[in-house]
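If you read the sequences in order, they're chains A and B. Residue numbers for the first sequence, in the working numbering: 1089 to 1204. Residue numbers for the second sequence, in the working numbering: 570 to 685. Let me begin by presenting the structure, written as C-alpha cells, before commenting on it.
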Amino acid sequence: DTGVSQNPRHKITKRGQNVTFRCDPISEHNRLYWYRQTLGQGPEFLTYFQNEAQLEKSRLLSDRFSAERPKGSFSTLEIQRTEQGDSAMYLCASSFVWQDQISPLHFGNGTRLTVT
Amino acid sequence: GDSVTQMEGPVTLSEEAFLTINCTYTATGYPSLFWYVQYPGEGLQLLLKATKADDKGSNKGFEATYRKETTSFHLEKGSVQVSDSAVYFCALNRNAGGTSYGKLTFGQGTILTVHP
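Structural data, given as C-alpha cells:
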C-alpha cells in the first residue's frame, strides 16, 4: 500500500493560466474524491468518481473546473483561467466500495495552488 | 444541509493534560461520524470513527462517543503527548438506505499544541 499520491506538491501560477493536478489513488480503490481546503477551514467536497464515472459534482465546482478519471485509475483536476480565489490546497482521497459498504477515505498530501 | 461545528482553537496544553475537543453536528438521518488528524506536513489520517448512536470509537488513546441525543461526537484523551500536536477535524458522512456515500462534511479544524 503506497498510499494516495498527488502531484505536484506545490503549484504557483499567474491569474488566467490553466493548471492541472494529478492524483494516483491506492491501486485497489474504486472510488476517488477531490476536496478543496482553504486556510483555517476544513476540506470541502468537490467531486467524486466510482471507477471512471463521475457520480457527483458540488455546486462549488464552477464551469472552469473539470475532473477526469479516464481509465478508472488516476485522476486529473484541471482549473481553467485561474483566479486568485482558487488559491487553496486541493486534496485527493480514495476508498473501496463493495455492495453497500465503503472503507474509510485515505487522503493524499495535497497540491497547494497559489494564484498570483 | 449537513454541517459540523468544532470548538474554536487553538488549544494549548501541557504534556499529560486531559484533552477535550468538542464537536456537534447537524444532519438528516443517521450519519457516520469521524475524527481525522493532520500532523504537520502530512495528509489527513483517519483517527477514529463511529457509525451508530452510542458507539464509541477509539484509537491511540483517543476516544469519542456518538451521542445522538445531543448530536455530539467530542474527542477526548486522558493524557496528551507532544507528538499529539496536530490539527484535528471532526467529520460526518451521511448514510442513506444503508449505503455510505463517502462524501464527508468537515468541521473547520482545531489546532492542538502540546508543550513538554
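Just so you know, even glycine gets a beta-carbon here, dropped at the ideal spot from N, CA and C. All values derive from a computational prediction rather than experimental measurement.
Spatially closest choice to residue i from the options, by CA coordinates
| i | options | result |
| --- | --- | --- |
| glutamine 1172 (chain A) | A:Tyr1123, A:Phe1109, A:Thr1108 and A:Leu1201 | A:Leu1201 |
| tyrosine 657 (chain B) | B:Lys637, B:Thr682 and B:Asp624 | B:Thr682 |
| tyrosine 1123 (chain A) | A:Asn1139, A:Val1185 and A:Leu1149 | A:Leu1149 |
| alanine 1141 (chain A) | A:Arg1157, A:Asp1188 and A:Asp1174 | A:Arg1157 |
| leucine 1143 (chain A) | A:Ser1191, A:Gly1130 and A:Asn1118 | A:Asn1118 |
| serine 1183 (chain A) | A:Thr1101, A:Tyr1121 and A:Ser1093 | A:Tyr1121 |
| leucine 644 (chain B) | B:Asn662, B:Lys625 and B:Glu638 | B:Lys625 |
| alanine 633 (chain B) | B:Thr589, B:Asn662, B:Arg663 and B:Ala655 | B:Thr589 |
| serine 601 (chain B) | B:Asn662, B:Gly676 and B:Gln677 | B:Asn662 |
Own chain, CB closer than 7 Å to residue i, minus 5 neighbours either side, in chain order
| i | result |
| --- | --- |
| serine 627 (chain B) | Leu617 |
| tyrosine 605 (chain B) | Leu613, Gln614, Leu615, Leu616, Phe658 and Ala660 |
Other residues of its chain near residue i: CB distance less than 8 Å, five sequence neighbours each side excluded
| i | result |
| --- | --- |
| lysine 1099 (chain A) | Val1107, Phe1109, Thr1199, Arg1200, Leu1201 and Thr1202 |
| asparagine 1139 (chain A) | Asn1118, Arg1157 and Gly1160 |
Alpha-carbon to alpha-carbon, residue j and residue i
| i | j | result |
| --- | --- | --- |
| glutamine 650 (chain B) | phenylalanine 587 (chain B) | 10 Å |
| proline 1096 (chain A) | asparagine 1197 (chain A) | 10 Å |
| arginine 636 (chain B) | alanine 1155 (chain A) | 37 Å |
| leucine 623 (chain B) | methionine 1177 (chain A) | In the sequence on display, residue 623 (chain B) carries aspartate and not leucine. Roughly 34 Å separates the two Cα atoms. |
| threonine 640 (chain B) | threonine 620 (chain B) | 13 Å |
| glycine 1104 (chain A) | serine 1146 (chain A) | 22 Å |
| aspartate 1112 (chain A) | tyrosine 599 (chain B) | 32 Å |
| tyrosine 1136 (chain A) | cysteine 592 (chain B) | 26 Å |
| phenylalanine 631 (chain B) | glutamine 607 (chain B) | 15 Å |
| threonine 1170 (chain A) | threonine 1126 (chain A) | 16 Å |
| glycine 1091 (chain A) | serine 583 (chain B) | 33 Å |
| threonine 668 (chain B) | alanine 1181 (chain A) | Per-residue confidence for threonine 668 (chain B) stands at a pLDDT of 46, beneath the threshold of 50, marking its modelled position as unreliable; the derived number appears in the next sentence. Going from the Cα of threonine 668 (chain B) to the Cα of alanine 1181 (chain A) covers about 18 Å. |
| serine 1115 (chain A) | threonine 595 (chain B) | 34 Å |
| glutamine 1189 (chain A) | glycine 671 (chain B) | 10 Å |
| serine 648 (chain B) | proline 685 (chain B) | 12 Å |
| lysine 629 (chain B) | lysine 1102 (chain A) | 43 Å |
| phenylalanine 1195 (chain A) | isoleucine 680 (chain B) | 19 Å |
| glutamine 1094 (chain A) | leucine 1193 (chain A) | 15 Å |
| phenylalanine 642 (chain B) | alanine 655 (chain B) | 18 Å |
| serine 572 (chain B) | glycine 1128 (chain A) | 16 Å |
| glutamine 677 (chain B) | tryptophan 1186 (chain A) | 30 Å |
| glutamate 585 (chain B) | lysine 646 (chain B) | 9 Å |
The ligand ADP heavy atom lying under 7 Å from the CB of residue i
| i | result |
| --- | --- |
| histidine 1194 (chain A) | Absence of the ligand ADP from the depicted structure is noted, as is the absence of any ligand whatsoever, leaving it without description. |
Close-in-space but distant-in-sequence residues of the same chain around residue i (CB under 6 Å, 5 per side omitted)
| i | result |
| --- | --- |
| phenylalanine 1153 (chain A) | Ile1167 |
| aspartate 653 (chain B) | Val683 |
| phenylalanine 603 (chain B) | Lys618 and Ala660 |
| proline 1131 (chain A) | Tyr1123, Gln1125 and Leu1179 |
| threonine 674 (chain B) | Asp571, Val573 and Leu661 |
Which residues DSSP lists as bridging residue i, in chain order
| i | result |
| --- | --- |
| aspartate 1112 (chain A) | A:Ser1093 |
| asparagine 628 (chain B) | B:Phe631 |
| phenylalanine 658 (chain B) | B:Tyr605 |
| glutamate 1132 (chain A) | A:Arg1124 |
| lysine 672 (chain B) | DSSP, once it has assigned bridges, lists no residue as partnering lysine 672 (chain B). |
| glutamate 1156 (chain A) | A:Thr1164 |
| threonine 1101 (chain A) | A:Val1203 |
| lysine 621 (chain B) | Answer is none; lysine 621 (chain B) lacks a bridge partner. |
Open item on the list: If contact is defined by three or more beta carbon pairs under 8 Å, each pair taking one atom from either stretch, is the stretch 1161-1169 of chain A in contact with the stretch 572-581 of chain B?
Closed with: In this structure the stretch 572-581 of chain B does not lie against the stretch 1161-1169 of chain A, because fewer than three pairs of beta carbons, one per stretch, are closer than 8 Å.
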